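Colleague: Please see the structure below; I have some questions.
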Amino acid sequence: GDSVTQKQGQVTLSEDDFLFINCTYSTTTYPTLFWYVQYPGQGPQLLLKVTTANNKGISRGFEATYDKGTTSFHLQKASVQESDSAVYFCALARTGGYKVVFGSGTRLLVSP
Amino acid sequence: EAAVTQSPRNKVAVTGGKVTLSCNQTNNHNNMYWYRQDTGHGLRLIHYSYGAGSTEKGDIPDGYKASRPSQENFSLILELATPSQTSVYFCASGDLGRSQNTLYFGAGTRLSVL
């Protein structure tokens, strides 16, 4: 079945550091790929999504490129702030499908 | 703005008891979902629904039932709660067409089974 892998359980950075969160996926079809962010005490919310392979999604300074060749959708940000501290989930949904599959999440801690 | 409301926000149950978690959405989305969140596992899909009257098994349905009596409401039922069902549960709504599979989540229900 479809799956999403996030190998980093936690990432610890200082303000203005570069952020890179790894995400790879496995599916037999053409998915839409998502990054969701979850702040403490809240449900996840959409950060960005990309529906077409080799396209880039950009939101709030974050970006991710849907790389069909390496089946990756890594999340990056040039300069993190303390307010970016949250849990980040990578997810996929099959085109025309109903199920959305999530990775295990990466907790980002940013110190001032 | 999309709105998904879950109740209760916190629940303590006894082993063997029945627990019902409720979810209401005002987005008029066709699809609704129940996920549980556990450290190291992320969000795992329990049940989902295409519309009123429908329920489908997700990836971890054992020990759970679901009910979708209307477009707006989707319940998760634990007939015989066990300590392994202690978790945070999230309801979400989405729509293939209008939201392009983007899910809108509630704030979650923290369930403790003692």
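Respectively, the protein sequence lines represent chains R and Y. Going by my numbering, the first sequence opens with residue 249, and the numbers climb by one from there. Going by my numbering, the second sequence opens with residue 944, and the numbers climb by one from there. Cβ atoms here follow ideal geometry from the backbone N, Cα and C, with glycine treated the same way. Keep in mind it's a predicted model, so treat the numbers as computed, not measured.
1. Report the residues of the segment 313-342 of chain R with a CB closer than 7 Å to any CB of chain Y, ordered along the chain.
2. Would Y:ALA995 pass as an interface residue toward chain R - the criterion being a Cβ-Cβ separation below 8 Å?
3. Would R:LYS304 count as contacting chain Y if we go by Cβ distances under 8 Å?
4. Is the Cβ-Cβ distance between Y:GLY1049 and Y:GLN980 less than 8 Å?
5. Taking only beta-carbon atoms, is Y:LEU1021 less than 8 Å away from chain R?
6. Which value, in whole angstroms, describes the spacing of the CA atoms of R:SER331 and Y:TYR991?
7. With a threshold of 16 other CB atoms inside 10 Å of the CB of R:GLN329, please say whether the residue is buried or exposed.
8. Using 8 Å as the threshold, is the segment 345-352 of chain R in touch with the segment 293-307 of chain R, meaning 3 or more CB pairs across them?
9. What does Y:HIS972 reach in chain R if we use C-beta pairs closer than 9 Å?
10. In this structure, how does DSSP classify R:SER307 when only helix, strand and coil are distinguished?
11. Classify R:GLY317 as buried or exposed, calling it buried when 16 or more other Cβ atoms lie within 10 Å of its own Cβ.
12. DSSP three-state call for R:GLN286: helix, strand or coil?
13. Across which residues does DSSP place R:CYS338 in a beta bridge pair?
14. Return the residue from the list Y:LYS961, Y:ASN1044, Y:VAL947 that minimises the CA-CA distance to Y:LEU1057.
15. Using a Cβ-Cβ distance cut-off of 8 Å, determine whether Y:ALA946 contacts chain R.
16. Which value, in whole angstroms, describes the spacing of the CA atoms of Y:THR1025 and Y:SER1013?
17. Which same chain residues, not among the five before or five after Y:ASP1038, have their C-beta less than 7 Å away from its C-beta?
18. Do Y:THR963 and Y:SER1018 count as a contact pair if the criterion is CB distance below 8 Å?
Modeller: Well, looking at it:
1. PHE337, ALA341
2. Working through the second sequence from its first residue, we reach residue 995 of chain Y at position 52. False, the Cβ-Cβ gap to chain R never drops below 8 Å.
3. For the purposes of this step, residue 304 of chain R is taken as residue 56 along the first sequence, with counting starting at 1. It does not: the Cβ of R:LYS304 has no partner Cβ on chain Y nearer than 8 Å.
4. Taking the first residue of the second sequence as position 1, residue 1049 of chain Y is located at position 106. Taking the first residue of the second sequence as position 1, residue 980 of chain Y is located at position 37. Cβ atoms of Y:GLY1049 and Y:GLN980: not closer than 8 Å.
5. Sequence index remark: in the second sequence, residue 1021 of chain Y carries index 78 (1-based). No, its Cβ sits nowhere closer than 8 Å to a Cβ of chain R.
6. Here the question's residue 331 of chain R lines up with position 83 in the first sequence. Here the question's residue 991 of chain Y lines up with position 48 in the second sequence. Looking at the two C-alpha atoms, the distance is approximately 33 Å.
7. For the purposes of this step, residue 329 of chain R is identified with residue 81 of the first sequence, where counting begins at 1. The residue is exposed, with fewer than 16 neighbouring Cβ atoms inside 10 Å.
8. no
9. What you label residue 972 of chain Y is simply residue 29 of the second sequence in a count that begins at 1. Chain R residues near Y:HIS972: none, gap ~11 Å exceeds 9 Å.
10. Position 59 of the first sequence, counting from 1, holds the residue named residue 307 of chain R. In the structure shown, R:SER307 sits in a strand (DSSP, three-state: E or B).
11. Reading the first sequence from its first residue, position 69 is the one you call residue 317 of chain R. It counts as exposed.
12. In the first sequence, residue 286 of chain R corresponds to position 38, counting from 1. The answer is strand: DSSP assigns R:GLN286 an E or B state.
13. Here residue 338 of chain R corresponds to residue number 90 of the first sequence, with the count starting at 1. R:TRP283.
14. Stepping through the second sequence from its first residue, residue 1057 of chain Y is reached at position 114. Comparing Cα positions, the closest option is Y:LYS961.
15. The sequence position of residue 946 of chain Y within the second sequence is 3, counting from 1. Not one chain R Cβ lies under 8 Å of Y:ALA946.
16. The count along the second sequence starts at 1 and reaches residue 1025 of chain Y at position 82. The count along the second sequence starts at 1 and reaches residue 1013 of chain Y at position 70. The straight-line gap from Cα to Cα measures roughly 28 Å.
17. Counting from one through the second sequence, the residue named residue 1038 of chain Y turns up at place 95. So the qualifying residues of the chain are HIS972, ASN973, ASN974.
18. Taking the first residue of the second sequence as 1, we reach residue 1018 of chain Y at position 75. Taking the first residue of the second sequence as 1, we reach residue 963 of chain Y at position 20. It is a contact, given that the beta carbons lie within the stated cut-off.
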